[in-house]
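Residue numbers (numbering that gives the first Met the number 0), protein chains in the order written: chain L, 0 to 181; chain B, 0 to 565. Think of the CB as a built atom: it goes at the ideal place given N, C-alpha and C, for glycine as much as any other residue. Note that the structure is predicted; figures quoted are calculated from it, not measured.
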Amino acid sequence: MNKDPDETLVERCREGDRSALAALVTRYQRAIYNAAYRVLGNGEDAADVAQSVFLRVAERLDEFDAQRRFFSWIYRIAINEALNVLRRNGHEEPLEEADEVAGAESLDPERRARDAELAGRVQGALMSLRFDDRIVITLRHFSGCSYGEIASILELQEKTVKSRLFEARQRLRGLLKDFEPA
Amino acid sequence: MKNDKEGELLTLMYVVLDGEATPEQQRSLERTLEADPAARARFEELETLFQRIERLPEMEPPRRFVEGVMAKVGGRFSQPSGLSRVSGSGYDNAGDATPGKTTFPGGTLMSSNGTFRKRTIWAGVAVAAVAAVFAGQYYFDIPPSGDQVAGTVTPAQRYRAEQIQPSDVKLGDQQVAQFMQSEAFEKIVKDPQLRALAADANFQALAKSSAFQALAQNAQAFSALAAHPEAFQAMSHDASGFQALASNAAAFQAAANHADAFNVMASQASAFQALGQHASAFQALASNAAAMQALGQHAAAFNAMSSYPAAFQVMASHPAAFAILAQHPEAFQSFASNANASQASAFVALTHDAAAFKALSQHADAFQALSHNAAAMQALGQHAAAFQAMSAHPAAFQALAQHADAFQALASNAAAMQALGQHASAFQALASDAKGFQALSQANAFALLGQHAAAFQALGQHAAAFQALASNAAAMQALGHDASAFQALGQHADAFQALASNASAMQVLATHASAFQAMAKLQGFNALASNPNAFAQALAQAGVAQGAVASGSVTNASQTNSSIQK
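As structure tokens, then:
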């Protein structure tokens, strides 16, 4: 049976292997940046959080409990870092809409405009949810975590995750109910 | 009490949409949706919500994010002094470890104001110098080895490969030999920064690998492998040299850890073709996200590589890497537009891995590109698990719907349709794409689906999916052309019931006499007849169909109707 690649990389990192750390950063940069982006609503803060996350990982590698999954640990660090940014800012940054449809150059202008409108509206609705709600929605829909994985990251029971997701989605549903893309 | 029930139903809907429902929960919801139009409307509303959320695009991290982080890490990960300047990483000023806002270096390797030119020259000198330093290590023991080397990075154990003897090394490059006799060489070998580069673990591991002998003919490129993208590009032009490298997985892994270098290499399709012949090297590649990202940006490379099924299969065993690749639809487009037998085999290899396919399915654009290839789709259809994974992603399916040929290929496979039928939301997405469905109708792909009785029978087992289908007039129009499809469907009363409850579907169907005629002969007709309103409405508007029924099996129909009336 193949060893979990994260486990191997973490072991190498603990021995001070820079290339292993670079591999871990490479492996998780997109996931962490995107999760932070969806929770914070802007790219600059998300980049800041993502960087802090990896620096924390590098600093605190010895505190990582090898019995846990690495991804649970790194996501948890990311959530804490995102919370720190929100506290530091004192308020939530407005949504950056400009690059929400980045990479969609191949689409026709009408569809791009429609997608941008939808993306702005959905992200806006997401930002008006409570932090806890945003976290569960982000982990489920943007990070693709299962109930069990979310439970592991948030150190909650699965049934609590299910219930939080339910509440969060109901609120989101209410916010988007009247939205009809042009 | 009512609220409790509603809450339970909503929870069940969410669980199903999250893909976490048990088969029993799934069936329970399907039964409820069939019986309760209000619940169905609620479910559809939730599906729309999910689609809206999941259509938010994935954002690109800042350029050179990894390098930015690596420039700031300290402690056990501190970089050997001076190395960054030699490696040309562009991070000479990025060593500020102060936390807070960070400006990520956004310049490219080929930036304006002469940076690229200067760097090329510097890299060229460094490459030659490092080659020379390395040659010196073997021939002249420069720098001194063993205990005299304080602070040398020991190669990681995993990179230790079959060791070759110095006598095996034949440096054929006359330029290197000439350079070694120059004054510049004397200066360079005394430069501690270059020694540091030569002492780099990855670099040393490469030098000790079995690939070294073959690559020694291209010593300059090889020497710079660990850190110089420009040199890497030079090496990539040399397919035979690259093949030698590719035969050594550990060496390749070391190389793949350098994203910039890999990115340059990925622009060389011939290099990738060489790589494709070595599954173990490919494994190393697939476990490296940055390498996969680079590969995805170079469609020609991806295309060249995809000629090798074994390599593709190895890649498929790394869903995370595959997901990264899937973010680049142009790579898939290239793959799809150059279909040949070996590439179809590569796709078969890929379909063995449902997780990889799930990763791919999350990227509708990639999937759409792939959908151009009917052979690939046919291969996909033969692997129910992969198909099932894909079916859980409505967006992927919607993309697929826009390609009639691909769908036609899929439609010939009953197992695939069975898997599809288990995911009503995917089918709903498929059916809701009017443009896609229109394409299907024009190409008669959907009608072709109807000709596959087994596939249709599989579909018929899933009433909810069928309901989705029935709500699409264009689909029903296509379906109506094919009596055998109805014959297959008729064995499933639930599906028939779903159809019968959809008046507009019935109206469309009513214009197709042969379909109606076939229906009337079926066991499932009872179910249809049990919905008199839809049936009557359809019949009232379809004189042609009425005539057909009358002349075909009117006895059967009237008997059924009268039994319902009682």
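1. Under the three-state reduction of DSSP, which class applies to Arg118 (chain B): helix, strand or coil?
2. Are the CB atoms of Leu174 (chain L) and Leu48 (chain B) within a distance shorter than 8 Å?
3. Locate the alpha helix (DSSP H) running through Asp132 (chain L), then write down its first and last residues.
4. Is DSSP giving Asp177 (chain L) helix, strand or coil here?
5. Listing by chain order, which chain L residues have their CB less than 7 Å from the CB of Glu19 (chain B)?
6. What three-state label does DSSP hand Pro56 (chain B) in the structure shown?
7. Less than 8 Å between the C-beta atoms of Ile134 (chain L) and Val38 (chain L), yes or no?
8. Applying the 10 Å Cβ sphere with the 16-neighbour rule, what's the burial state of Lys566 (chain B)?
9. Would you decide whether Pro22 (chain B) is buried or exposed? Buried here means 16 or more other CB atoms lie within 10 Å of its CB.
10. Got a sec? Which residues, its chain only, sit under 6 Å from Met12 (chain B) by beta carbon, not counting five neighbours each side?
11. Using a C-beta cutoff of 8 Å, does Pro60 (chain B) count as contacting chain L?
12. So, is the C-beta of Gln66 (chain L) closer than 8 Å to a C-beta in chain B?
13. State the start and end residues of the unbroken alpha helix (DSSP H) segment that holds Arg55 (chain L).
14. Take Gly147 (chain L) and list the residues in its own chain whose beta-carbon comes closer than 7 Å to its own, dropping the five residues that flank it on each side.
15. Have a look at Gly15 (chain L) and Val24 (chain L) and give me their C-alpha separation to the nearest angstrom.
16. Please name the residue, chosen from B:Pro60, B:Gly74, B:Phe76 and B:Ile52, that lies closest to Arg198 (chain L) on a Cα-to-Cα basis.
17. Counting pairs of beta carbons, one from the segment 2-11 of chain L and one from the segment 63-74 of chain L, are three or more of them closer than 8 Å?
18. According to DSSP, simplified to helix, strand and coil, what is Arg17 (chain L)?
19. Whole angstroms is fine: what's the gap from Asn88 (chain L)'s alpha carbon to Asn2 (chain B)'s?
20. In angstroms, rounded to a whole number, what distance separates the CA positions of Phe130 (chain L) and Gln50 (chain B)?
21. Can you tell me whether Pro36 (chain B) is buried or exposed, with buried defined as 16 or more other CB within 10 angstroms of its CB?
22. Please go through the same chain and pick out, in chain order, the residues whose beta-carbon is closer than 8 Å to the beta-carbon of Gln28 (chain L), but skip the five residues on each side of it.
23. At the level of alpha carbons, what is the spacing between Asn33 (chain L) and Leu153 (chain L)?
24. Anything in chain B within Cβ reach of Leu175 (chain L), meaning under 7 Å, just list it in chain order.
25. Are the C-beta of Asn187 (chain L) and some C-beta of chain B separated by less than 8 Å?
26. Find out if the Cβ-Cβ distance for the pair Asp132 (chain L), Ala167 (chain L) is shorter than 8 Å.
27. Go through its chain and collect everything with a Cβ distance to Gly143 (chain L)'s Cβ below 6 Å, but skip five positions before and after it.
28. Tell me the residue span of the alpha helix (DSSP H) that contains Arg87 (chain L).
29. When you compare the CB of Phe64 (chain B) with every CB in chain L, is at least one pair closer than 8 Å?
30. Any C-beta of chain L sitting closer than 8 Å to the C-beta of Arg75 (chain B)?
31. Under a CB-based cut-off of 8 Å, is Pro56 (chain B) close to chain L?
32. I need the straight-line Cα distance from Ala65 (chain L) to Ser151 (chain L), nearest angstrom please.
33. Could you compute how far the alpha carbon of Val160 (chain L) sits from the alpha carbon of Asp47 (chain L)?
On the basis of the coordinates in this document:
1. Any reading at Arg118 (chain B) must be qualified, since the residue scores a pLDDT of 29, below 50, and its modelled position is unreliable; the value itself is stated next. If DSSP states are grouped into helix, strand and coil, Arg118 (chain B) belongs with the helices.
2. no
3. Phe130 to Ile136
4. Asp177 (chain L): coil per DSSP, three-state reduction.
5. Ser145 and Tyr146
6. Three-state DSSP puts Pro56 (chain B) in coil, outside helix and strand.
7. A Cβ-Cβ contact shorter than 8 Å links Ile134 (chain L) with Val38 (chain L).
8. The structure shown has nothing for residue 566 (chain B), since chain B only spans 0 to 565.
9. exposed
10. Phe42 and Leu45
11. yes
12. Taking Cβ atoms only, chain B never reaches closer than 8 Å to Gln66 (chain L), which makes this a no.
13. Note, Arg55 (chain L): alpha helix (DSSP H), Gly42 to Glu58.
14. Glu157
15. 14 Å
16. With chain L running from 0 to 181 in the structure shown, residue 198 (chain L) is simply not present.
17. yes
18. helix
19. Going from the Cα of Asn88 (chain L) to the Cα of Asn2 (chain B) covers about 40 Å.
20. 22 Å
21. By the 10 Å Cβ count, Pro36 (chain B) comes out exposed.
22. Ala49 and Phe53
23. Approximately 18 Å, taken between the alpha carbons.
24. Leu48 and Arg51
25. For residue 187 (chain L) there is no data in the structure shown, the boundaries of chain L being 0 and 181.
26. yes
27. none
28. Phe69 to Asn88
29. Interface flag for Phe64 (chain B) against chain L is set, since a Cβ pair is found closer than 8 Å.
30. yes
31. yes
32. 14 Å
33. Spanning the alpha carbons of Val160 (chain L) and Asp47 (chain L) requires a straight line of approximately 27 Å.
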